[in-house]
Amino acid sequence: MEPTLIYKALSNDTRRQILLWLKNPEKFFNEKPYFQQGLNFQVGVCVGDIQVKSGLAQSVISSYLLTMQKAGLLESERIGKWTYYRRNEKTIQEFSEYIQKEL
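FYI, this note's numbering numbers position 27 of the sequence shown as 27, with every residue one higher than the one before it.
In structure tokens, the structure reads:
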């Protein structure tokens, strides 16, 4: 865990919003298309769905997701031509403990 990378990733409102959406994806995204493909939100949420929800360009969202993944906040899985993102709860927990201990 690199706290500086996490601080940078969390310094953007949209990136923090994405983390919130991915915490409880069933509240913010339609799971039915995932079920139709034999998937669920355990695999994550498709980049396209995150992009539509944010209202930002796909290139911007891809950049945001990559920043969060490099910081360790997200994990990704490619299935076919789509990439799905989910929270990395282990790193989030480690960062939470770091904050409580160090600050």
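Here a beta-carbon is modelled for each residue, glycine too, at the ideal position from N, C-alpha and C. Computed from a prediction, not measured in an experiment: that's the story for all the values here.
Residue i, buried or exposed, once every other Cβ within 10 Å from all chains shown has been counted against 16
{"i": "ILE99", "result": "exposed"}
{"i": "VAL45", "result": "buried"}
{"i": "TYR85", "result": "buried"}
{"i": "ASN88", "result": "buried"}
Min CB distance residue i to chain B below 7 Å
{"i": "ASP13", "result": "Note that chain B does not occur in the displayed structure, where there is just one protein chain."}
Straight-line Cα distance separating residue j from residue i
{"i": "TYR43", "j": "GLU102", "result": "Note that residue 43 is Val in the sequence shown, not Tyr. Going from the Cα of VAL43 to the Cα of GLU102 covers about 33 Å."}
{"i": "GLN17", "j": "THR83", "result": "19 Å"}
{"i": "SER96", "j": "LYS32", "result": "33 Å"}
Start and end residues, beta strand (DSSP E) containing residue i
{"i": "GLU77", "result": "74-79"}
Limits of the unbroken alpha helix (DSSP H) element including residue i
{"i": "GLU26", "result": "25-28"}
{"i": "ILE51", "result": "Per the sequence shown, residue 51 should be read as Gln rather than Ile. Residues 47-54."}
Three or more C-beta pairs below 8 Å linking the segment 32-39 and the segment 59-68: no
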